[in-house]
Each structure stands twice: as C-alpha cells, then as structure tokens.
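**Q** Questions regarding the structure given below will be posed in turn.
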Amino acid sequence: MSTIKKVFLEVNALLLANKDSLVADIMPQLMLLMSAKVGGSEVGSTHLKDDQGNVIAVFCYYHKCWELVSDHAYGAKAGTTTGLNSMCKAGVNAWTTQQRKAKSAKEALLTKLTSGELAVEDLAYEQELIERQRNNIVIADNYPRSFGSLQELKDFLANVEQVEVTEEVVKPKRTKKVKTEV
Ligand SMILES: [Zn+2]
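To convert, note that position 51 of the sequence shown is 52 in the working numbering; the numbers rise steadily by one, no gaps.
Following this line, the structure appears as structure tokens:
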C-alpha cells in the first residue's frame, strides 16, 4: 500500500468515496480541496516554494504578477518569509521613481494653487491624475516573462517538468541510420 501525501489525503478520500462517479460530477468538490489556501505552508499568498523550501516565485508587489526568481532579479530583505524584497529590482526602481515624481507633482500643484495658476475646483482632478500616474504599472521592454495567476505559473512549471522528463526518455532511443547502399 502506498503512502498518500498529506496534501492529497482529502482528495484521496473524496475519490475513494466516489469511485463510480464521473469526474464532472465531483469536480466542484475537488476544486474546493485543490484550491490554494492563502497562507499555506507550501504556497504563501505572495510566494511559491519548491519541495526543499527554496523560493522559486514571488508575487511582485509592483508588477502585480507572479515572477520566477530565476528570471527576475530580487534584492535580499531580512525578516521576510522569503528573505527577498516584495518587489523585483526593476519594480523597486519604477516604484521609487513614481513615488518621487508624484511627491514633486503634488508640491507643484500647491505652488500653482497659491499663485492662482490653478483653480481650487480643478485641484481634485489634477490630484487624481497624479495618483493614476503614481499607481500606474510601467512594463519595461526587457521585462522577462511573468504569470498573471498562481495557476498559470503552476501550469507552466508542470509543463517544464514534463519537457525535461520527455527529453530524458527520448534521447537514448535515437536509432542508428541504416546504410542502404553497399
Ligand atoms: Zn516585478
């Protein structure tokens, strides 16, 4: 008898109890069990670790996407679950720049308001424009691949593993060319 991984225990129990059911019939219950819970041991709400506990992906606070740490540079940060910053380095740079610009733009607005260059009734609109710029996500041309959802990332990783396995299986099977002419 094989040992069931702890994470699959509930799924296993559900499948055993529904051996003769169609997958479509128990899919909603399966999805409930298989969906990632926020703050779990293996999958955090903002990071994904491998079996050895190494961080392989982070949900970038700036880009609002899942980024593989092998593709994206991350600065170290002590005292965090991942030991990494919550944003990739490119994100930190963009975020810092946008915060600085917004701060100076707001100061400029106050100057214009004081000098009468800006009407009080236009202030809210101008502030809204600055806020939009500040919260804008700027994607650089050289921005590496990223994943919009954790599921998308997991699907990608699953395929990567499959490709590696297939290559190992295929390589030894290379057939020798048979000479047809003597
Ligand atoms: Zn990022």
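For glycine and all other residues, C-beta sits at the position ideal for the given N, C-alpha and C.
Report the rounded CA-to-CA distance for Val59 versus Leu31, giving the unit in angstroms.
**A** Answer to the nearest angstrom: the Cα atoms are 26 Å apart.
**Q** Please name the residue in Glu68, Ser105, Lys50, Thr112 whose C-alpha comes closest to that of Gly149.
**A** Checking every option, the nearest Cα to that of Gly149 belongs to Glu68.
**Q** In the DSSP output, what is Ala77 paired with across the bridge?
**A** DSSP, once it has assigned bridges, lists Leu85 as partnering Ala77.
**Q** Please state whether DSSP places Glu129 in a helix, a strand or coil.
**A** Here Glu129 sits in helix by DSSP.
**Q** Quick check: the Cα distance between Ala79 and Leu85, rounded to an integer number of angstroms?
**A** Ala79 and Leu85: Cα-Cα distance of roughly 7 Å.
**Q** Check the C-beta distance from Gly76 over to Lys65 and give it rounded, since I have them as a contact under 8 Å.
**A** Rounded, the Cβ-Cβ distance is 18 Å, inconsistent with contact.
**Q** In terms of residues, what are the limits of the alpha helix (DSSP H) holding Lys50?
**A** Premise fails: Lys50 lies in the beta strand (DSSP E), 48–50, not in any alpha helix (DSSP H).
**Q** Please name the residue in Thr112, Ala120, Val139 whose C-alpha comes closest to that of Gln100.
**A** For the residues Thr112, Ala120, Val139, the minimum Cα distance to Gln100 belongs to Val139.
**Q** Taking Val59 as part of the beta strand (DSSP E), name the residues at either end of that continuous run.
**A** Residues 56–60.
**Q** On a CA-only basis, which of Ala159, Asp142, Val93 is nearest Asn136? Give me that one, please.
**A** Comparing Cα positions, the closest option is Val93.
**Q** Could you tell me if Lys104 is buried or exposed, where buried requires 16 or more neighbouring beta carbons within 10 angstroms of its beta carbon?
**A** Answer is exposed; the Cβ neighbour count stays below 16.
**Q** Per DSSP, what kind of secondary structure is Leu119 in: helix, strand or coil?
**A** Of the three classes helix, strand and coil, the one that applies to Leu119 here is coil, per DSSP.
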